[in-house]
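Shown next, in structure tokens, is the structure this report addresses.
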Amino acid sequence: MTTYFVDVILPLHIHGTYTYRVPQEYNDAVKVGQRVVVQFGPKRLYSALVRRVHEEVPHYRVKYILSILDAEPLVGERQFRFWEWLASYYMCYVGDVMAIALPSAFRLASESSVSIHPEFTGELSDLTDNELRIVQLLTEHPVMTVEDISRAIGVQKMMPVLNSMIERNIIVMDEDLRQRFVPRTSAYLLLGEDYREEGRLRELFDTLEKKKSTQKQVDVLLKYMQLSQMGTQPVARRTLLDTTDGHPVSESALRTLVRNGVLTIEERVESRLDHGQSTTNADSIELNEEQQAAYDYLRGCKQAVALLHGVTSSGKTEVYTKLINEVVKEGRQVLFLLPEIALTAQIINRLRKYFGDLVGVYHSRFSVSQRAEVWSRTQSADPNQRYQVLLGARSALFLPFQDLGLVIVDEEHDNSYKQYDPAPRYNGRDAAIYLAHLWGARTVLGSATPSLESYYNAQQGKYGFCEMKRRYGGLKMPEVLCADMKEEAKRLRRERGDRAASGGTHISQFLLEQIDLALKNHEQVILFQNRRGFSLRIECDDCHWTPRCQHCDVSLVYHKATGTLRCHYCGYSIPVPTECPACGSTHLRMTGVGTERVEEDLQILFPEARVARMDLDSTMGKYKYEELLNDFSEGRIDILVGTQMVTKGLDFERVSVVGVVNADNLINYPNFRSYERAYQQLTQVSGRAGRHGGGAKVFLQSYNPQHEVIERVMKGDYRGMYLTQNEERRVFRYPPYYRLVEVTLKHSDEAVLNAAADWYATQLRSAFGNRVMGPEYPLVSRVRGLYLKRITLRFGKGEPVGEAKSLMMRMADDMVKLEGWSRVTTVFDVDPM
Ligand code: ADP
Ligand code: ZN
Ligand code: ZN
Numbered sequence: 007m008t009t010y011f012v013d014v015i016l017p018l019h020i021h022g023t024y025t026y027r028v029p030q031e032y033n034d035a036v037k038v039g040q041r042v043v044v045q046f047g048p049k050r051l052y053s054a055l056v057r058r059v060h061e062e063v064p065h066y067r068v069k070y071i072l073s074i075l076d077a078e079p080l081v082g083e084r085q086f087r088f089w090e091w092l093a094s095y096y097m098c099y100v101g102d103v104m105a106i107a108l109p110s111a112f113r114l115a116s117e118s119s120v121s122i123h124p125e126f127t128g129e130l131s132d133l134t135d136n137e138l139r140i141v142q143l144l145t146e147h148p149v150m151t152v153e154d155i156s157r158a159i160g161v162q163k164m165m166p167v168l169n170s171m172i173e174r175n176i177i178v179m180d181e182d183l184r185q186r187f188v189p190r191t192s193a194y195l196l197l198g199e200d201y202r203e204e205g206r207l208r209e210l211f212d213t214l215e216k217k218k219s220t221q222k223q224v225d226v227l228l229k230y231m232q233l234s235q236m237g238t239q240p241v242a243r244r245t246l247l248d249t250t251d252g253h254p255v256s257e258s259a260l261r262t263l264v265r266n267g268v269l270t271i272e273e274r275v276e277s278r279l280d281h282g283q284s285t286t287n288a289d290s291i292e293l294n295e296e297q298q299a300a301y302d303y304l305r306g307c308k309q310a311v312a313l314l315h316g317v318t319s320s321g322k323t324e325v326y327t328k329l330i331n332e333v334v335k336e337g338r339q340v341l342f343l344l345p346e347i348a349l350t351a352q353i354i355n356r357l358r359k360y361f362g363d364l365v366g367v368y369h370s371r372f373s374v375s376q377r378a379e380v381w382s383r384t385q386s387a388d389p390n391q392r393y394q395v396l397l398g399a400r401s402a403l404f405l406p407f408q409d410l411g412l413v414i415v416d417e418e419h420d421n422s423y424k425q426y427d428p429a430p431r432y433n434g435r436d437a438a439i440y441l442a443h444l445w446g447a448r449t450v451l452g453s454a455t456p457s458l459e460s461y462y463n464a465q466q467g468k469y470g471f472c473e474m475k476r477r478y479g480g481l482k483m484p485e486v487l488c489a490d491m492k493e494e495a496k497r498l499r500r501e502r503g504d505r506a507a508s509g510g511t512h513i514s515q516f517l518l519e520q521i522d523l524a525l526k527n528h529e530q531v532i533l534f535q536n537r538r539g540f541s542l543r544i545e546c547d548d549c550h551w552t553p554r555c556q557h558c559d560v561s562l563v564y565h566k567a568t569g570t571l572r573c574h575y576c577g578y579s580i581p582v583p584t585e586c587p588a589c590g591s592t593h594l595r596m597t598g599v600g601t602e603r604v605e606e607d608l609q610i611l612f613p614e615a616r617v618a619r620m621d622l623d624s625t626m627g628k629y630k631y632e633e634l635l636n637d638f639s640e641g642r643i644d645i646l647v648g649t650q651m652v653t654k655g656l657d658f659e660r661v662s663v664v665g666v667v668n669a670d671n672l673i674n675y676p677n678f679r680s681y682e683r684a685y686q687q688l689t690q691v692s693g694r695a696g697r698h699g700g701g702a703k704v705f706l707q708s709y710n711p712q713h714e715v716i717e718r719v720m721k722g723d724y725r726g727m728y729l730t731q732n733e734e735r736r737v738f739r740y741p742p743y744y745r746l747v748e749v750t751l752k753h754s755d756e757a758v759l760n761a762a763a764d765w766y767a768t769q770l771r772s773a774f775g776n777r778v779m780g781p782e783y784p785l786v787s788r789v790r791g792l793y794l795k796r797i798t799l800r801f802g803k804g805e806p807v808g809e810a811k812s813l814m815m816r817m818a819d820d821m822v823k824l825e826g827w828s829r830v831t832t833v834f835d836v837d838p839m
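Basically the working numbering = 1-based index in the sequence shown + 6.
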């Protein structure tokens with residue numbers, strides 16, 4: 007009999023693959039892409055993925071695989087190739103990619119902990135003896151690790167048993183417990199028992215139609231019958247009362263019908279995977295002339311990648327929908343990427359309207375089992391089960407597509423596409439292009455403010471390119487104005503004297519008047535301030551002492567809501583001091599304004615208005631973000647103050663004023679992308695205004711209103727911004743002309759770090775000469791107790807970067823082998839943002 011070996015990928019930060027021997031009983035079963043259980047290290051068990059099956063006998067002793075978890079491959083060849091590309095391009099290990107690509111439900115390991123599934127029926131008769139014992143154990147000890155269970159039961163092949171119990175919803179993995187089961191219910195309407203028979207219903211209609219006073223009830227019932235497919239399906243109360251479909255019905259008439267027992271209400275738990283049927287055929291979407299031209303162009307585009315540059319609210323989504331429709335009709339799959347999951351809510355509804363339950367959403371905030379379910383439905387061979395349109399943030403790239411035909415990357419410029427930690431530090435947009443290439447699929451990048459790289463590629467003819475310059479439905483772009491804060495300060499000083507001016511408001515008179523007007527007209531306001539907290543720094547007036555973080559090289563930010571000073575890098579926090587610990591003075595001064603402060607100021611200035619704040623602190627709870635967005639879009643908030651979260655592609659109806667509290671902050675950020683990014687953020691936040699009505703205004707507050715970026719934003723001059731920035735990038739040797747690789751070295755001892763960084767830089771210089779810059783301290787030179795040093799490499803376009811990257815990684819491996827340097831960590835960031 008043949009002896010097989012498998013090379014497996016482990017979900018760990020380790021080099022390459024590991025070889026195991028296949029017990030002969032598994033000879034027929036073992037396949038590439040399956041999960042197998044292996045022992046790694048002295049006693050840990052892991053689910054590993056088979057990358058290769060072969061007969062090459064290794065010249066060292068290898069362990070046997072312990073069991074096979076899947077009958078069919080879980081990961082396909084193209085996925086593997088995608089992972090391998092990510093690992094080599096972004097300078098990490100395939101195991102790192104596996105660890106983020108595979109939903110954790112598929113990564114059962116000795117340290118995973120499990121408990122009884124809250125929805126387990128308790129039915130024991132179907133369980134095997136081992137399963138029964140596991141259930142009993144878990145009843146006594148609600149949370150146990152796989153290792154504990156194996157130890158207690160003493161069965162080597164425990165993992166397949168557990169895996170099967172997970173699949174059958176008898177037990178769950180730990181993460182689920184913390185995340186899941188905050189069931190969301192909504193009210194559904196059913197026909198009352200007495201009215202389910204057609205005769206009774208007709209009678210009722212007859213009676214109601216006779217009287218004018220009950221006409222509204224007839225309207226409700228007619229709409230209900232239509233939505234419920236003639237009373238056969240329950241209808242969400244929300245759907246029935248939805249006014250955006252052009253058929254508003256009366257809420258009080260509905261209440262009467264419920265009171266009379268014609269309709270009954272049932273609270274149903276909503277699964278977050280629940281879908282509706284599609285209600286409209288995408289063929290029926292009528293595009294305007296610009297949209298049609300873009301659509302025709304994108305369909306026929308010769309290049310594999312095309313950029314759609316369409317101003318905010320030009321109707322890009324409708325163009326995407328048409329493109330999706332075509333691919334879906336061919337039975338192929340579409341991946342729709344968004345920079346942030348918070349944006350999905352609005353898009354899901356728009357897509358489900360056309361594609362119903364062909365649309366699947368992949369969310370990092372979904373529970374482990376929900377994610378596993380989306381994964382299987384992407385992979386499903388059954389066309390009735392299989393999702394064809396997959397919507398999600400960058401992690402959706404890892405879904406097991408079967409036949410990918412189109413990838414859409416919306417808001418392609420957004421830096422949330424970049425993953426910072428952990429490795430792979432990839433850019434979702436660029437990875438999407440590669441994934442599409444693997445499938446021979448087309449990629450459409452869309453944005454109102456394209457990234458310089460994408461626009462450059464379009465200019466070069468590498469990407470296709472089309473534009474939409476007008477808002478849909480003849481709506482005007484908002485008027486963008488600038489408030490000169492220097493003048494404002496002078497005016498305040500004139501009017502109120504010096505003291506008042508320095509402690510004065512951070513909102514100009516100009517903007518205040520507009521907010522006032524908007525509130526009077528029952529319109530909404532968005533204010534953007536890119537710093538959170540109340541004040542950014544506290545300083546002693548007498549000795550200039552400033553509280554700093556113990557672990558990081560930054561000053562602490564004052565958070566009034568919690569009464570603390572906090573570090574935004576590591577979370578360290580202390581109570582606010584009442585006097586200076588250095589000199590005892592009580593003159594502590596606050597400088598710099600954060601979102602909390604803006605929120606408070608506005609609440610004082612407009613006591614009647616409902617003011618809310620949207621930043622990292624106010625959206626910590628699981629669905630807080632969604633709640634805030636809902637409240638705002640349903641008019642329960644008048645003024646929304648927030649960080650860059652409010653700039654993203656949200657579609658609100660009643661926003662007529664947008665204010666940027668401190669535009670200079672964005673522009674002066676020390677990074678080669680800061681002008682580009684400031685232009686994008688300012689234009690994007692402006693784009694939230696006036697999406698459904700004219701006369702909207704945007705105010706940029708600045709001490710430097712003549713600044714090039716501000717002038718270009720006011721004129722909507724993307725091209726001008728592009729041309730000047732592009733030229734600077736060329737001259738100063740930045741992307742898109744050069745590729746950057748940033749290496750950050752970390753160590754707790756500054757001297758060790760400096761020595762290692764110098765050594766590493768010397769090695770790099772010997773190989774890459776003047777492409778190497780640094781080492782230097784980054785802007786924040788110590789984080790969480792580790793000192794940082796940074797080396798940047800720049801490579802010209804045609805240079806063999808792939809080889810350079812391998813060499814850089816090998817040199818880093820050599821470095822940690824040297825005496826005393828084993829704990830120096832190296833972080834590679836390719837194409838840093
Ligand atoms: P963008 O994504 O370009 O900012 P949207 O796709 O959100 O713009 O479109 C803006 C608004 O115009 C949306 O409310 C959308 O429903 C509407 N709209 C755009 N195109 C059409 C169309 N062809 N038919 C009907 N409504 C449209
Ligand atoms: Zn002091
Ligand atoms: Zn800190």
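Where is the CB? At the ideal position from N, CA and C, for every residue including glycine.
Query raised in the report: Just the Cα atoms here: how many angstroms apart are Ala506 and Gln609?
Result: Locating residue 506 in the sequence shown gives position 500, counting from the first residue. Locating residue 609 in the sequence shown gives position 603, counting from the first residue. Residue placement at Ala506 cannot be trusted, given a pLDDT of 46 that sits under 50; what the coordinates show is reported in the next sentence. Approximately 19 Å, taken between the alpha carbons.
Requested in this report: Please indicate yes or no: does the CB of His565 lie closer than 7 Å to some heavy atom of ligand 3?
Outcome: Start at 1 with the first residue of the sequence shown, and residue 565 comes out as number 559. His565 Cβ: outside cutoff for every heavy atom of ligand 3.
Query - Member of Arg595, His528, Thr384, Leu706 whose CA lies at the smallest distance from the CA of Gln339 - result: Sequence index remark: in the sequence shown, residue 339 carries index 333 (1-based). Nearest C-alpha to Gln339: Thr384.
Query raised in the report: With DSSP run on the structure shown, which of helix, strand or coil describes Asp363?
Result: As a first step, residue 363 is located in the sequence shown; it is residue number 357 there, counting from the start. Looking at Asp363 - three-state DSSP - the assignment turns out to be helix.
Requested in this report: Return yes when the C-beta of Tyr783 is under 7 Å from any heavy atom of ligand 3, and no when it is not.
Outcome: Along the sequence shown, one-based indexing puts residue 783 at 777. Every heavy atom of ligand 3 is 7 Å or more from the Cβ of Tyr783, so no.
Query raised in the report: Nearest-angstrom Cα distance between His512 and Ser787?
Result: Walking along the sequence shown from the start, residue 512 turns up at place 506. Walking along the sequence shown from the start, residue 787 turns up at place 781. Whole-angstrom Cα-Cα distance: 31 Å.
**Report entry** heavy atom of ligand 3 below 7 Å from Tyr575 C-beta
**Finding:** To locate residue 575, count along the sequence shown from 1; it is residue 569. Yes - ligand 3 has a heavy atom lying nearer than 7 Å to the Cβ of Tyr575.
Query raised in the report: Around the Cβ of Lys795, are there at least 16 other Cβ atoms within 10 angstroms (buried) or fewer (exposed)?
Result: As a position in the sequence shown, residue 795 is number 789, starting the count at 1. Buried, by the Cβ-count rule.
Query raised in the report: Do Asn294 and Tyr426 have their C-beta atoms within less than 8 Å of each other?
Result: What you label residue 294 is simply residue 288 of the sequence shown in a count that begins at 1. What you label residue 426 is simply residue 420 of the sequence shown in a count that begins at 1. In this structure, Tyr426 does not lie closer than 8 Å to Asn294 by Cβ.
Query raised in the report: Is the beta carbon of His19 within less than 7 Å of some heavy atom of ligand 3?
Result: By 1-based counting over the sequence shown, the position of residue 19 is 13. No; taking the cut-off as 7 Å, the Cβ of His19 has no heavy atom of ligand 3 nearer than that.
Query raised in the report: Would a C-beta distance cut-off of 8 Å place Ser680 and Pro484 closer than the cut-off?
Result: Taking the sequence shown and counting its residues from 1, one reaches residue 680 at position 674. Taking the sequence shown and counting its residues from 1, one reaches residue 484 at position 478. No, the Cβ-Cβ distance between Ser680 and Pro484 is not below 8 Å.
Query - Cutoff 6 Å; reference Ala105; Cβ partners in own chain excluding five residues on either side - result: By one-based count along the sequence shown, residue 105 stands at place 99. Here the set comprises Pro17.
Report task. Go through the residues and name those whose CB comes closer than 6 Å to any heavy atom of ligand 2, in chain order. Result -> Cys546, Asp548, Cys549, Trp551, Cys586, Ala588, Cys589, Ser591
Report task. Work out the CA separation of Val44 and Tyr10 for me, nearest whole Å. Result -> On the sequence shown, residue 10 is found 4 positions in, with the first residue counted as 1. On the sequence shown, residue 44 is found 38 positions in, with the first residue counted as 1. Answer to the nearest angstrom: the Cα atoms are 15 Å apart.
Query - Close beta carbons around Lys630, own chain, < 8 Å, minus the five adjacent residues each side - result: The residue you call residue 630 lines up with position 624 of the sequence shown. Result list for Lys630: Ser624, in chain order.
**Report entry** beta strand (DSSP E) segment containing Arg431, residue limits
**Finding:** In the sequence shown, the residue the question calls residue 431 occupies position 425. Where Arg431 is concerned, there is no enclosing beta strand (DSSP E), given that its DSSP letter is neither H nor E.
Report task. With distances taken Cα to Cα, identify the nearest neighbour of Asp302 among Leu92, Ala54, Val647, Phe471. Result -> On the sequence shown, residue 302 is found 296 positions in, with the first residue counted as 1. Among Leu92, Ala54, Val647, Phe471, the Cα nearest to that of Asp302 belongs to Phe471.
Query raised in the report: What is the DSSP secondary structure of Phe834, reduced to helix, strand or coil?
Result: In the sequence shown, residue 834 corresponds to position 828, counting from 1. The answer is strand: DSSP assigns Phe834 an E or B state.
**Report entry** Pairwise C-alpha distance: Lys335 and Thr449
**Finding:** By one-based count along the sequence shown, residue 449 stands at place 443. By one-based count along the sequence shown, residue 335 stands at place 329. Answer to the nearest angstrom: the Cα atoms are 18 Å apart.
Report task. Determine the direct distance from the alpha carbon of Val749 to that of Gly101, and round the result to whole angstroms. Result -> The residue labelled residue 101 in the question sits at position 95 within the sequence shown. The residue labelled residue 749 in the question sits at position 743 within the sequence shown. Taking the straight line from one Cα to the other gives about 20 Å.
Report task. Look at Glu545 and Arg595 and say whether their C-beta atoms are less than 8 Å apart. Result -> Along the sequence shown, one-based indexing puts residue 545 at 539. Along the sequence shown, one-based indexing puts residue 595 at 589. Taking 8 Å as the Cβ cut-off, Glu545 and Arg595 qualify as a contacting pair.
Query - Which residues DSSP lists as bridging Ile74, in chain order - result: Taking the first residue of the sequence shown as 1, we reach residue 74 at position 68. DSSP, once it has assigned bridges, lists Val42 as partnering Ile74.
Query raised in the report: Exposed or buried, what is Arg184 when buried is set at 16 or more other beta-carbons lying within 10 Å of its beta-carbon?
Result: Position 178 of the sequence shown, counted from the first residue, corresponds to residue 184. Reliability of the predicted coordinates at Arg184 is poor, the pLDDT of 43 falling under 50, and the value obtained from them is presented with this limitation in mind. Looking at its Cβ environment, which holds fewer than 16 other Cβ atoms inside 10 Å, Arg184 is exposed.
Query - For Phe342, three-class secondary structure by DSSP - result: For the purposes of this step, residue 342 is identified with residue 336 of the sequence shown, where counting begins at 1. DSSP places Phe342 in strand when its eight states are reduced to three.
Requested in this report: Determine the DSSP secondary structure at Glu61, reduced to helix, strand or coil.
Outcome: Taking the first residue of the sequence shown as position 1, residue 61 is located at position 55. Note: Glu61 maps to coil in three-state DSSP.
Report task. Below 8 Å on the Cβ atoms is my guess for Lys328 versus Ile291; work out the distance and round it to an integer in Å. Result -> Position 322 of the sequence shown, counted from the first residue, corresponds to residue 328. Position 285 of the sequence shown, counted from the first residue, corresponds to residue 291. Rounded, the Cβ-Cβ distance is 6 Å, consistent with contact.
Report task. Determine the closest residue to Ala310 out of Asn463, Gln650, Ser370, with distance taken between C-alpha atoms. Result -> Here the question's residue 310 lines up with position 304 in the sequence shown. It is Asn463 whose Cα lies nearest to the Cα of Ala310.
**Report entry** Proximal residues to Phe86 (C-beta, below 7 Å), its chain only, five neighbours per side dropped
**Finding:** Stepping through the sequence shown from its first residue, residue 86 is reached at position 80. The answer, listed in chain order, is Arg57.
**Report entry** Cβ-heavy atom distance, Lys322 to ligand 1, below 7 Å
**Finding:** By 1-based counting over the sequence shown, the position of residue 322 is 316. Yes, the Cβ of Lys322 comes within 7 Å of a heavy atom of ligand 1.
Requested in this report: Within its chain, find whatever has a CB closer than 7 Å to the CB of Arg278; leave out the 5 residues flanking it on each side and keep chain order.
Outcome: In the sequence shown, residue 278 corresponds to position 272, counting from 1. Because the pLDDT at Arg278 is just 47, under 50, the model does not fix this residue reliably, and the point stays unresolved.
Query raised in the report: On the premise that Leu396 lies in contact with Gly362, defined as a C-beta separation below 8 Å, what is that separation, rounded to the nearest angstrom?
Result: For this step, residue 362 is matched to residue 356 along the sequence shown. For this step, residue 396 is matched to residue 390 along the sequence shown. That belief does not hold up - the Cβ atoms of Gly362 and Leu396 are roughly 14 Å apart, past 8 Å.
Query raised in the report: Is Tyr578 near ligand 4, in the sense that its beta carbon is under 7 Å from a heavy atom of that ligand?
Result: With respect to small molecules bound, the structure shown includes ligand 1, ligand 2 and ligand 3 and not ligand 4.
Report task. Give a single yes or no on whether Leu293 has its beta carbon closer than 7 Å to a heavy atom of ligand 1. Result -> What you label residue 293 is simply residue 287 of the sequence shown in a count that begins at 1. Yes.
Requested in this report: Assuming Val667 contacts Leu487 (C-beta within less than 8 Å), just tell me the rounded distance between them.
Outcome: Walking along the sequence shown from the start, residue 667 turns up at place 661. Walking along the sequence shown from the start, residue 487 turns up at place 481. Not quite, the Cβ-Cβ distance comes to about 14 Å (not below 8 Å), so this is no contact.
Query raised in the report: If we call anything under 8 Å between Cβ atoms a contact, is Gly452 one with Lys322?
Result: In the sequence shown, counting from the first residue as 1, residue 452 sits at position 446. In the sequence shown, counting from the first residue as 1, residue 322 sits at position 316. The answer is yes: Cβ separation under 8 Å.
Query raised in the report: Three-state secondary structure (DSSP) at Asp182?
Result: Translated into positions along the sequence shown, residue 182 becomes position 176. For Asp182, the pLDDT reaches just 48, beneath the cut-off of 50, and the residue's location in the model is therefore unreliable, leaving the point undetermined.
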